[in-house]
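*Asks:* Chains as they are written, first to last, in this note's numbering: chain Y, 6 to 251; chain E, 5 to 641. Each residue gets a CB set at the ideal place from its N, CA and C atoms; glycine is no exception.
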Amino acid sequence: MQVFLKVWRQADAKSEGQFVTYTVENVTEDMSFFEMLDMLNNQLVLKGKEPIAFDHDCREGICGTCGLFINGRAHGPLRGITTCQLHMRSFDDGANIVVEPWRAEAFPVIKDLIVDRTAFDRIISAGGYISVNTGGVPDANTIPVPKPKADEAFDAATCIGCGACVATCKNSSAMLFVAAKVSHLALLPQGQVERKQRALNLVAAMDMEGFGACTNTGACEIECPKEISIVHIARLNREFLKASLL
Amino acid sequence: MVLDAKIPGGPLAEKWTQHRFDLKLVNPANKRKYNIIIVGTGLAGASAAASLAELGYNVDAFSYHESPRRAHSIAAQGGINAAKNYPNDGDSIFRLFYDTIKGGDYRSREANVYRLAEVSNAIIDQCVAQGVPFAREYGGLLDNRSFGGAQVSRTFYARGQTGQQLLLGAYSAFARQMKAGKVRFHPRHEMLDLVLVDGHAKGIITRNLINGEIRSYAADAVILASGGYGNVFFLSTNAMASNATAIWRAYKKGAYFANPCFTQIHPTCIPLSSEHQSKLTLMSESLRNDGRVWVPKKKGDSRAPNDIPEEERDYYLERIYPSFGNLVPRDVASRRAKEMCDTGHGVGPTGLAVYLDFEDVIGRKGKQWVSDKYGNLFDMYQQITGENPYEVPMRIYPAVHYTMGGLWVDYNLMSTVPGLFVLGEANFSDHGANRLGASALMQGLADGYFIIPYTIGDYLAKHPHGKTDTNQESFKTTTREVEEKLNQLLAVDGSQTVDDIHKELGRILWEYVGMARNREGLEKALKLIPQLRETFWKEVKVPGTAKELNPELEKAGRVADFLELGELMARDALHREESCGGHFREEYQTEENEALRDDEKFAYVAAWEFQGTGEPAKLHKEVLIFENVELTTRSYK
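#1: Can you find a CB in chain E that lies within less than 7 Å of the CB of residue 67 of chain Y?
#2: Which same chain residues end up closer than 6 Å to residue 237 of chain Y when comparing Cβ atoms and leaving out the 5 residues on each side of it in sequence?
#3: Less than 7 Å between C-beta atoms, sequence neighbours within five positions excluded: which residues of the same chain meet that for residue 1 of chain E?
#4: Determine whether the Cβ of residue 138 of chain Y lies closer than 7 Å to any Cβ atom of chain E.
#5: Can you tell me whether residue 393 of chain E is helix, strand or coil according to DSSP?
#6: Spatial neighbours of residue 102 of chain E within its chain, please: C-beta separation below 8 Å, excluding the five flanking residues on both sides.
#7: Would the region 234-253 of chain E and the region 520-528 of chain E be scored as touching if the rule is three or more Cβ pairs under 8 Å?
#8: For the region 51-67 of chain E against the region 94-114 of chain E, do three or more pairs of beta-carbon atoms, one drawn from each stretch, fall closer than 8 Å, so that the two count as touching?
#9: Return no unless some Cβ of chain Y is closer than 7 Å to the Cβ of residue 429 of chain E.
#10: Taking CB distances under 7 Å as the criterion, tell me whether residue 137 of chain E reaches chain Y.
#11: Using 8 Å for Cβ pairs, my map puts residue 400 of chain E next to residue 224 of chain E. What's the rounded Cβ distance?
#12: When you compare the CB positions of residue 626 of chain E and residue 640 of chain E, do they come within less than 7 Å of one another, or not?
#13: From what residue to what residue does the alpha helix (DSSP H) around residue 525 of chain E run?
#14: Just to confirm before moving on: does the CB-CB distance between residue 310 of chain E and residue 321 of chain E stay below 7 Å?
#15: Relative to the C-alpha of residue 630 of chain E, which candidate in E:76, E:496, E:603, E:579 has its C-alpha closest?
#16: Which partner residues of residue 273 of chain E appear in the DSSP bridge assignment?
#17: Which one of E:357, E:353, E:333 has the shortest CA to CA distance from residue 343 of chain E?
#18: Pick from E:76, E:403, E:118, E:637: whose alpha carbon is nearest that of residue 595 of chain E?
#19: Buried or exposed: where does residue 203 of chain E fall if 16 or more other Cβ atoms within 10 Å of its Cβ makes it buried?
#20: Would you call the CB atoms of residue 206 of chain Y and residue 155 of chain Y closer than 7 Å?
#21: Tell me the rounded alpha-carbon separation between residue 63 of chain E and residue 499 of chain E.
#22: Name the chain E residues whose beta carbon is nearer than 8 Å to that of residue 143 of chain Y?
#23: Cα separation between residue 139 of chain Y and residue 9 of chain E?
#24: In whole angstroms, give me the CA-to-CA distance for residue 129 of chain Y and residue 178 of chain E.
#25: For a test of the three-state rule: what should DSSP assign to residue 584 of chain E, helix, strand or coil?
#26: From the DSSP output, which residues share a beta bridge with residue 65 of chain E?
#27: Under 8 Å: do the region 556-575 of chain E and the region 498-516 of chain E share three or more Cβ pairs, one atom per stretch?
#28: Determine, using beta carbons only, whether residue 225 of chain Y and residue 181 of chain Y come nearer to each other than 7 Å.
#29: If residue 146 of chain E and residue 121 of chain E are in contact, beta carbons under 8 Å, what's the gap, nearest whole angstrom?
#30: Distance, Cα to Cα, residue 553 of chain E vs residue 88 of chain Y?
#31: Could you tell me the alpha carbon to alpha carbon distance between residue 300 of chain E and residue 404 of chain E, rounded to whole angstroms?
#32: Where do the N-terminal and C-terminal ends of the beta strand (DSSP E) with residue 225 of chain E fall, by residue?
#33: Give the DSSP bridge partners of residue 608 of chain E, in chain order.
#34: What does the Cβ neighbour count give for residue 192 of chain E, buried or exposed, with the cut at 16 atoms within 10 Å?
#35: Checking contacts by CB at 7 Å: is residue 290 of chain E closer than that to chain Y?
#36: Taking only beta-carbon positions, decide if residue 366 of chain E is within less than 7 Å of chain Y.
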């Protein structure tokens, strides 16, 4: 099959970007989307042209490095997967495919399709942890956790920090990302000591990084490759409110 | 130079306790005067950075990723071992030690492995305290499952995403120290060389991957936690950027490289489907707990799997190994799968696959139970292959997964370069010739949380802090060398892409230095690899400049190193005239096609010293002494 790509190219953070079109021939259905881009890049290199820069690493949907906006959808047309798990069998022969980077003020473009998501690290370092040093902790089984709670905490902890929630949100809000961390730790007994301060600190850090507010549109939950529910946003709101009042 | 592993005296079970007492300490008030560089922020690097910063040291941590949470530790699926014996099924520190030594086919150091087993329990405690959401029983306590190479259930897990949850735990501790100002994180910075001052590791040269800036960093000690080198094969389960550059350049600066030929081929990966494929995907070994491996009894049977009746299926692992069945160690399972395919029993379009079938367990426990336990793996499989594993058996084939070899380190995890420490998969220390499942996470965190914080103090206490700064001559010389090498890569301007040459290297290594090796093939590889290296330096095409974000240039530097490392792997495999663990020499096998060790001649660690590119490396031997286990032929029957 062949596909027609319209790809965002931008030399660096300061330059202006533009769409560039490419025709990719000899695409096979079992290729992943990135393998199709690899093939195109290989051809570009041999022609002495600059290949398209995009972020990717594990190519199995867990590292959170990749993230392309494909035909207006974060991580492409399917639900519950990252861009690296998208295969060409999801497209028709002759398809037009528009490829853009995540677009959000807090995620400035570094080059082409690569954006800077270090804002997420700064949010986590504001308190997305339990303050324990190495050593001197109790035996693991002295802290029983009811299985349903543990499972729910896991559902939140499964966030891969890819930023699809931000990219798809009309407000560029990072609420789902922040909610996932607050919820994960608020559900566990280990997380109780710093529970209130954590909610306040993470929300403050999120605001400072320039992410927008949440207006409950729910797009984030639909595009999240780990299908993290906005129930966690509701919990974050409660946590934040309780922490602010008490 | 005589290799001194610095193994403490005394009985096995007391070595580490005694050693911790014997190690020199750095006064708490002095710790903040010491600077430590850590390269790599996966499980080993992030846990070390956090733990050392908590002690008061100043840490500069470097990663070519944008965040520590991207490291490939995140992709580990199945679990982490510990000798807690929570299930009351007979586990103990000694049994975990014994299984690991035996699983490694008696090519690892007793003292290191025992220490690993000893600290394993503290890792679980630490992770739970950090909020890692391990799987639990209904009573609220931790759940365990079984894994290959063991007859007890000692594996802690978080669905099929254990590596992710452990890395996020280490990352959270790391982030906390970033906030505290004790860890300075340098994202998207790649280490391109090690700097020695008076023979000691005192700094690194990095390239900022965003703008190409080359910079020097000085410190009182350097830690490499940069992962394994499985990507030398091009196709592996490693992430695309995983590479050997940090350890390889340290090797060229004098750190010995140990057992480079010990690579692990994982038995349960999704088979290769096309020449465009960029990587292989692992299906966790935990699936072998409940899945049954089989091939059709009839050669070349092209019927759909569900049309092949029970009596015409060969559940070969259960047949050959009645006591371990589908849970034999990885090397054994991989070799048997290859043998089945080589003898015409392979399935799927290429004939290079065997079935991993869940029909049995779905019938016994229901689809929901299977989905709760392995849901994400089943989804991943379906996404890649377009087939539904709840209805059709998975097709699996072995793929390169892990490298047991790495830089040689002593008991203190220090390499042959003083002041250079190596942690996690980057070192060679604990897995011998074959790593057991769920032991990589254990080793990475053991090294980072519980070993390096003690052992590095001994080195630092003996060497005054702050003696080095980047104005010293060796930083300038090394910077020039790094810049020259980048310019050379750009100057070739040939007609082949980096990937083309990397794929060719991968084909040579898979063919001759892969799952089964022989003298003829290895000698051939030793001719082909240097030729390919020559082609690379004449024909590679790297676009762009060194002063910008240039992924092709990054890859080129890494592949240039792989082209040297591949040769060393072949040399090591050729010299080791025995079969052990993941190293299977066809000339040395038992009548039942099992690995045939030669303990008389080869019960040693092969540590190679760099002699110049293209020159054969020099072999040093660290003889392995076994005082607590008897060397037997591994039998999983």
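*Replies:* Reading from the atomic positions:
#1: Here the question's residue 67 of chain Y lines up with position 62 in the first sequence. So, interface residue.
#2: Residue 237 of chain Y sits at position 232 when you count from the first residue of the first sequence. Excluding positions up to five away in sequence, the list reads 161, 184, 185, 188.
#3: Residue 1 of chain E lies beyond the residue range present for chain E, which begins at 5 and ends at 641; the question has no answer from this structure.
#4: Taking the first residue of the first sequence as 1, we reach residue 138 of chain Y at position 133. Answer yes: the Cβ-Cβ gap between residue 138 of chain Y and chain E drops below 7 Å somewhere.
#5: Within the second sequence, numbered from 1, the residue matching residue 393 of chain E stands at position 389. DSSP places residue 393 of chain E in coil when its eight states are reduced to three.
#6: Within the second sequence, the letter at position 98 stands for residue 102 of chain E. Closer than 8 Å at Cβ, skipping near neighbours: 633.
#7: no
#8: no
#9: Locating residue 429 of chain E in the second sequence gives position 425, where the first residue counts as 1. Cβ-Cβ to chain Y under 7 Å: no for residue 429 of chain E.
#10: In the second sequence, the residue the question calls residue 137 of chain E occupies position 133. Taking Cβ atoms only, chain Y reaches closer than 7 Å to residue 137 of chain E, which makes this a yes.
#11: For the purposes of this step, residue 400 of chain E is identified with residue 396 of the second sequence, where counting begins at 1. For the purposes of this step, residue 224 of chain E is identified with residue 220 of the second sequence, where counting begins at 1. In fact, because the Cβ distance is near 47 Å, the residues do not count as touching under 8 Å.
#12: Counting from one through the second sequence, the residue named residue 626 of chain E turns up at place 622. Counting from one through the second sequence, the residue named residue 640 of chain E turns up at place 636. Cβ distance not < 7 Å, so residue 626 of chain E and residue 640 of chain E don't count as in contact.
#13: Residue 525 of chain E sits at position 521 when you count from the first residue of the second sequence. Element bounds for residue 525 of chain E: 523-543.
#14: On the second sequence, position 306 is the one that residue 310 of chain E refers to. On the second sequence, position 317 is the one that residue 321 of chain E refers to. It is not a contact, given that the beta carbons lie outside the stated cut-off.
#15: For the purposes of this step, residue 630 of chain E is taken as residue 626 along the second sequence, with counting starting at 1. Measuring from the Cα of residue 630 of chain E, the nearest candidate turns out to be E:603.
#16: Here residue 273 of chain E refers to the residue found at position 269 of the second sequence. In the DSSP output, where bridge partners are listed per residue, residue 273 of chain E has E:286, E:401.
#17: Residue 343 of chain E sits at position 339 when you count from the first residue of the second sequence. The option with the nearest alpha carbon to residue 343 of chain E is E:357.
#18: Counted from its first residue, the second sequence places residue 595 of chain E at position 591. Of the listed residues, the one whose Cα sits closest to residue 595 of chain E is E:637.
#19: Translated into the one-based positions of the second sequence, residue 203 of chain E becomes position 199. Residue 203 of chain E comes out exposed.
#20: Taking the first sequence and counting its residues from 1, one reaches residue 206 of chain Y at position 201. Taking the first sequence and counting its residues from 1, one reaches residue 155 of chain Y at position 150. No, these two residues do not count as a Cβ contact at 7 Å.
#21: As a position in the second sequence, residue 63 of chain E is number 59, starting the count at 1. As a position in the second sequence, residue 499 of chain E is number 495, starting the count at 1. Using only the alpha carbons, I get a separation of about 43 Å.
#22: As a position in the first sequence, residue 143 of chain Y is number 138, starting the count at 1. Correct list: 129, 133.
#23: Looking up residue 139 of chain Y in the first sequence gives position 134. Looking up residue 9 of chain E in the second sequence gives position 5. For residue 139 of chain Y and residue 9 of chain E, the distance between alpha carbons rounds to 27 Å.
#24: Numbered from 1 along the first sequence, position 124 holds the residue referred to as residue 129 of chain Y. Numbered from 1 along the second sequence, position 174 holds the residue referred to as residue 178 of chain E. Taking the straight line joining both Cα atoms gives about 10 Å.
#25: The count along the second sequence starts at 1 and reaches residue 584 of chain E at position 580. Here residue 584 of chain E sits in strand by DSSP.
#26: As a working mapping, residue 65 of chain E is identified with position 61 in the second sequence. The partner list for residue 65 of chain E (beta bridge, DSSP) reads E:42, E:189.
#27: yes
#28: Translated into the one-based positions of the first sequence, residue 225 of chain Y becomes position 220. Translated into the one-based positions of the first sequence, residue 181 of chain Y becomes position 176. In this structure, residue 181 of chain Y lies closer than 7 Å to residue 225 of chain Y by Cβ.
#29: Position 142 of the second sequence, counting from 1, holds the residue named residue 146 of chain E. Position 117 of the second sequence, counting from 1, holds the residue named residue 121 of chain E. Actually they do not touch by this definition, with Cβ atoms about 18 Å apart.
#30: In the second sequence, the residue the question calls residue 553 of chain E occupies position 549. In the first sequence, the residue the question calls residue 88 of chain Y occupies position 83. Residue 553 of chain E and residue 88 of chain Y: Cα-Cα distance of roughly 21 Å.
#31: Here residue 300 of chain E refers to the residue found at position 296 when the second sequence is read from its first residue. Here residue 404 of chain E refers to the residue found at position 400 when the second sequence is read from its first residue. The alpha-carbon atoms of residue 300 of chain E and residue 404 of chain E are separated by roughly 25 Å.
#32: The residue you call residue 225 of chain E lines up with position 221 of the second sequence. It spans 225-228 - the beta strand (DSSP E) in which residue 225 of chain E sits, taken as one unbroken run.
#33: On the second sequence, position 604 is the one that residue 608 of chain E refers to. In the DSSP output, where bridge partners are listed per residue, residue 608 of chain E has E:627.
#34: As a position in the second sequence, residue 192 of chain E is number 188, starting the count at 1. Buried, since its Cβ has 16 or more Cβ neighbours within 10 Å.
#35: Taking the second sequence and counting its residues from 1, one reaches residue 290 of chain E at position 286. No, because no Cβ of chain Y sits closer than 7 Å to the Cβ of residue 290 of chain E.
#36: Working through the second sequence from its first residue, we reach residue 366 of chain E at position 362. For residue 366 of chain E, the answer is no, since every Cβ of chain Y falls outside 7 Å of its Cβ.
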